[in-house]
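Chemist:
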Amino acid sequence: MQLFNLLATFCTALFAAQSQLDSVRDAFYDAKIVPDVLPSFDPTLEIYVEFLKASVIKPGAELSMNQTDTFPQFVLKSSRQTDMLKKYVVTMVDPDAYYPSDPSVSQVRHYLGANLTVDGVGRFWTTPITNLTGPVTDWMPPSPPDDSDPHRYVVLVYQQPPDFTLDGIKPPDFTLDGIKPHLNSTSDRMHFNATSDRMHFNISSFASAVGLRGPVGGTYFLTGADSGAVVGR
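Read in order, the letters of the sequence shown are residues -19 to -1, 1 to 214 in mature numbering (1 follows the signal peptide of the UniProt record, and there is no 0).
#1: Excluding the 5 residues flanking Leu2 on each side, which residues of the same chain have their C-beta closer than 6 Å to its C-beta?
#2: Are there 16 or more other CB atoms within 10 angstroms of the CB of Arg90, so buried, or fewer, so exposed?
#3: Report yes if the CB atom of Val117 is closer than 8 Å to the CB atom of Tyr201, and no otherwise.
#4: So, helix, strand or coil for Gln88, using DSSP?
#5: Specify the secondary structure class of Arg6 as computed by DSSP and reduced to three states.
#6: Relative to the C-alpha of residue 217, which residue among Thr111, Gln88, Pro40 and Asp130 is closest?
#7: Spatial neighbours of Leu137 within its chain, please: CB distance less than 6 Å, with the 5 preceding and 5 following residues excluded, ordered by chain position.
#8: Using a Cβ-Cβ cut-off of 7 Å (strictly less than) and excluding sequence neighbours within five positions of Asp158, which residues of its own chain qualify?
#9: Are Val15 and Phe22 touching if we call contact CB-CB under 8 Å?
#10: Using a 10 Å radius around the Cβ and a threshold of 16 neighbouring Cβ atoms, would you call Gln62 buried or exposed?
#11: Within a Cβ cutoff of 8 Å, which residues of the same chain sit near Asp207, ignoring the five residues on either side of it in sequence?
#12: Is the distance from the Cβ of Pro126 to the Cβ of Tyr79 below 8 Å?
#13: Tell me which residue opens and which closes the alpha helix (DSSP H) that Ile38 is part of.
#14: Gln54 and Pro109 - do their beta-carbons sit closer together than 8 Å?
#15: Starting from Val74 and walking both ways along the beta strand (DSSP E), at which residues does that stretch end?
#16: Tell me which same chain residues have a C-beta within less than 6 Å of the C-beta of Val5, skipping the five on either side of it?
#17: First and last residue of the beta strand (DSSP E) that includes Val15?
#18: Identify, in the order they occur along the chain, each residue of the same chain with its Cβ nearer than 6 Å to the Cβ of Leu193, setting aside the five sequence neighbours on each side.
#19: Considering Cα atoms alone, identify which of Glu43, Leu26 and Pro20 is closest to Asp130.
Encoded structure:
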């Protein structure tokens, strides 16, 4: 009987986890993050973004600039122990800059960190991830124009391949605007690093160029000049 109860609890938890992942996937499609940022999205991990003053538990939470002015903690949730042993790349991009109606400089790269690993054991199947090295792109808080509608700030988690390197991050045939199909010399390539322009970034092209797997998880929140918090756990 005890074994049956344990199995029932485990199956219930798995069902709930998959239901939550389906909800996140649907939210990305409903918010047009697919196709504005990603060609497709089928997450296998949940990620939460925890600021000092607010948390993004459900995709689409509306947060103020004041609530997002400090670097957050990223928290992964998974039912698979093997996910806790991997390294991850986490990024946040704004596909709505300068304005949602005129995203002429999107995507803006607000953060890019690599070599993120699970940091201890947190809540049930939920663990924070921390950076073993300095970020490639430091955190830049949301700062939409005063006259803009709220922007979507999209947080994505990629599985980091074993041979991934931070040495300048020099993927072949990559520019900040995407892939250049015909490059003849190293000097023609835009070597992406911490000093590269944050604007006109393309996370899908970048992920493909450097061999990232996924995204395996993601969420997003909205921030406008006068946004208030609508946060639910």
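Using N, Cα and C, we set each Cβ at its ideal position, and we do this for glycine too.
Modeler: The structure says:
#1: Pro24
#2: buried
#3: no
#4: coil
#5: helix
#6: Residue 217 lies beyond the residue range present for the chain, which begins at -19 and ends at 214; the question has no answer from this structure.
#7: Thr72, Pro196 and Gly199
#8: Unreliable positioning characterises Asp158 in this predicted model, as indicated by a pLDDT of 48, which lies under 50. A coordinate reading is not provided.
#9: yes
#10: exposed
#11: Ser45
#12: yes
#13: From DSSP, Ile38 is part of no alpha helix (DSSP H); its letter is neither H nor E.
#14: yes
#15: Tyr69 to Asp75
#16: Pro24 and Pro40
#17: Note, Val15: premise wrong, no beta strand (DSSP E); alpha helix (DSSP H) at Ile14 to Asp17.
#18: Val70 and Tyr139
#19: Glu43
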